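Count along the sequence shown starting at 1, add 4, and that's the number in the numbering used here. All residues carry an ideal CB built from backbone N, CA and C; glycine is no exception. Nothing here was measured: the structure is a model prediction, and the numbers come from that model.
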Amino acid sequence: MGDLQTEIQKRRTFAIISHPDAGKTTLTEKLLLYGGAIHLAGSIKSRKTQRHAVSDWMEIEKQRGISVTSSVLQFDYAGCRINILDTPGHQDFSEDTYRTLMAVDSAVMVMDAAKGIEAQTKKLFKVCKQRNIPIFTFVNKLDRYGKAPLDLMTEIEDVLGIRAYPMNWPIGIDGQYHGVYNRIKKQVELFAADDSHGQKERESIILAMDDPELKNKLGEDIYQNLLDDIDLINEAGEEWDDGKVANGELTPMFFGSAMTNFGVRNFLEEYLRLAPAPQAHISTEGEIKPEDKEFSAFVFKIQANMNPAHHDRLAFIRICSGKFERNMQVFHMQGNKNIKLSQPQQFLAQDRQIIDDAYPGDIVGLFDPGIFGIGDTICEGKNRFKFADFPVFPPERFARVEAKDTMKRKQFIKGITQLTQEGAVQLFEQPGTGMESYIVGTVGQLQFDVLEYRLKNEYNVDIVITMQPFEVARWLEFKNGSMVKPENLRGADRGMFVNDMKGRPVLLVNNEWALGWIVDNNPDLLLHNVPPDK
Ligand code: GDP
């Protein structure tokens, strides 16, 4: 038991969110570098030329191995076991981000010092905020000109509505910072010139604030400015509050530069000190604590074709309680049967490995013969409970999707069905059109691009996408429980009547106004913007 407790306390499981290009990949790589999991930065392929998440995704696609490792990474540092979960940068994948956030205990928001809070960070942040987990901020690219640190603090407060607590403070003049002041240790870290282009750990010296050497090194003006800044943030700044940090109302804020390794170690160390170890999860049987002896976990992500040669499919689980052991028997709640967990995989830097055991907070990839769905619970022993459901994001864009070549229909159906099980898109059938075409619903436009790309690359099917004018989907039920059919729904022709993949009737309409008409003319109708529970 002591063993389980020690393992739990060692673990830190978190996700990094950012607007594309803010430096998420670079920071992740530097954390690996400092953690000793890689030796030279740059080993995770540079993704410089990519403009948005689809191209990120496609690039990743070309380098399968990397897609695996960059979605879940595990490494050890200073006695901690760290699990980093990657999230897509683009808002069109907010749902993916949300699912990933379900599996973590805290999040890191990376922000470009020159750009401040960008549109997509704001959207992703909102998703993050719904989880009420601690959020840490890393202000990146301090090696270049950027906004003033105080302005960035204000921006976080104004735009995101949370308070920021600077953990360190840059020393010097914008664009030419010499180092950072560590507010907790009350000491200064001055960085040597970076002569490895960020490939190696940056050399630095550490001086106490009262060290006479400090004034010499900084020069009178900069030294005095630093003292003034420290006074200012101490007096005018927010007070530290553990409770507020724990539920994401106060964000510990760090300044640094991932590329030039400026402030990265400081960030990592403080982060590990402050970030929570694995937390309890709510289930149908109450709270499940990590130290509960019996194993439990939930599926938060499914990915097909991790290895294109084998067309395998992995279900990623987050362990919530107890110890995981290879080949253990567990009960799969949603499938209502016992299964054996063979071939569990974990991700250590660039390698996938078969593992023998794992603990709460860890992410394990299970070989999935098509039995798992997102949000599914597995538990050990006599336990029978389900973890809280994953929210479904209502689709807002719709298109008719069909295979260009009708001879490829079988492949098309297989591909689109598998990608739907992954949660990449939502799928509907229009009664009467057979399975020649589907109506696909997404939260954002880029999901269609990904669908097209993956069907071509993984299933060798070219598709035709015809956008539909709808923006709203509603699942329909009659109050008396009778089945909704197009013929007993007044105004069914004002939108498109479809069924979801479980055969539940759904109406797609152009806008809320059109929906109003349907509501007014069918007083016995119940409408849901996500599938009603069965
Ligand atoms: P992501 O899209 O958020 O994963 O961003 P990347 O890590 O791919 O970085 C985007 C670009 O910013 C790349 O060209 C990086 O080299 C660059 N970059 C990342 N961190 C820094 C930094 O600290 N300073 C500067 N000047 N550039 C950086």
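Which runs of the alpha helix (DSSP H) at least 4 residues long sit entirely within the segment 240-266? Give them in chain order.
246-250
Pick out whichever of LEU511, ALA117, VAL476 has its Cα sitting closest to the Cα of LEU493.
LEU511
Nonlocal neighbours in the same chain, by C-beta distance under 8 Å from LEU146, ignoring five residues either side
For LEU146, where only same-chain residues beyond five positions count, the Cβ hits under 8 Å are ALA117, PRO174, TYR181, PHE259, GLY260, SER261, PHE266, GLY267.
Span of the beta strand (DSSP E), counted from its first residue to its last, around PRO280:
Here PRO280 belongs to no beta strand (DSSP E), and DSSP marks it neither H nor E.
Nearest to GLN349 by CA position, among PHE474, ARG317, ASN533, is which residue?
ARG317
Go through the segment 95-166 residue by residue and report every complete run of the beta strand (DSSP E) that reaches 3 residues or more, in order.
110-116, 139-144
Please indicate yes or no: does the CB of THR29 lie closer than 7 Å to some heavy atom of the ligand GDP?
Yes, Cβ of THR29 sits closer than 7 Å to a heavy atom of the ligand GDP.
Is ASN144 near the ligand PLP - that is, is its Cβ less than 7 Å away from at least one heavy atom of it?
Only the ligand GDP can be found as ligands here, which leaves the ligand PLP out of the picture.
At what residues does the alpha helix (DSSP H) containing VAL454 begin and finish?
450-463
I'd like to check one pair, ASN515 with GLU475: are the Cβ atoms closer than 8 Å?
yes
Whole-Å CB distance - VAL112 paired with PHE140, under 8 Å assumed
Between the beta-carbon of VAL112 and that of PHE140 there is about 5 Å, and that keeps the pair under the 8 Å contact cut.
Just tell me which of GLY290, ILE323, LYS305, GLU242 has its CA closest to the CA of PRO282.
ILE323
According to DSSP, simplified to helix, strand and coil, what is PRO527?
Secondary structure at PRO527: coil, using DSSP grouped into helix, strand and coil.
Looking at the ligand GDP, does it come within less than 7 Å of MET505, judged from the CB to the closest heavy atom?
no
So, do the segment 331-340 and the segment 368-382 have three or more beta carbon pairs nearer to each other than 8 Å?
Segments in contact, yes.
Enumerated in chain order, which unbroken segments of the beta strand (DSSP E) with a length of 3 residues or greater are wholly contained in the segment 355-411?
Unbroken beta strand (DSSP E) stretches of 3 residues or longer found wholly inside the segment 355-411: 355-358, 367-371, 381-383, 401-407, given in chain order.
GLU462 versus VAL429: straight-line alpha-carbon distance, rounded
16 Å
Would you kindly work out how many angstroms separate the C-alpha atoms of ASP90 and PRO138, rounded to a whole number?
17 Å
Just the Cα atoms here: how many angstroms apart are LEU423 and SER110?
28 Å
Can you check which of these residues, VAL184, LYS204, GLY223, ILE226, is closest to ILE210 by C-alpha distance?
VAL184
Buried or exposed (CB count within 10 angstroms, at least 16 for buried), VAL468
VAL468 should be labelled exposed.
What does the alpha-carbon distance come out to for the pair LYS127 and GLN451?
16 Å
Which listed residue (SER346, GLY445, GLY419, ASP25) has its alpha carbon closest to that of GLU433:
GLY445
Assigned secondary structure, ASP316 (DSSP; H/G/I helix, E/B strand, else coil)
Of the three classes helix, strand and coil, the one that applies to ASP316 here is coil, per DSSP.
Is the distance from the Cβ of VAL131 to the Cβ of THR158 below 8 Å?
no
Hey, LEU8 and GLU295 are a contact pair by Cβ (cut 8 Å); roughly how many whole angstroms apart?
6 Å
I'd like to confirm something about ARG148: is its beta-carbon nearer than 7 Å to some heavy atom of the ligand GDP, or not?
yes
Simplified DSSP assignment, three categories, for PHE195:
strand
Using the C-alpha atoms, what's the distance from PRO509 back to ALA518?
17 Å
Can you give the Cα-Cα distance for ASN220 and GLY176, rounded to whole angstroms?
Between ASN220 and GLY176, the C-alpha separation is close to 14 Å.
Classification of PRO536 by the beta-carbon crowding that lies within 10 angstroms, buried from 16 upward:
exposed
CB of VAL513 to nearest heavy atom of the ligand GDP: below 7 Å?
No, the Cβ of VAL513 stays beyond 7 Å of every heavy atom of the ligand GDP.
Looking only at its chain, what residues have a beta carbon closer than 6 Å to the beta carbon of GLY369, apart from the 5 residues adjacent to it on each side?
LEU318, PHE320, GLN349
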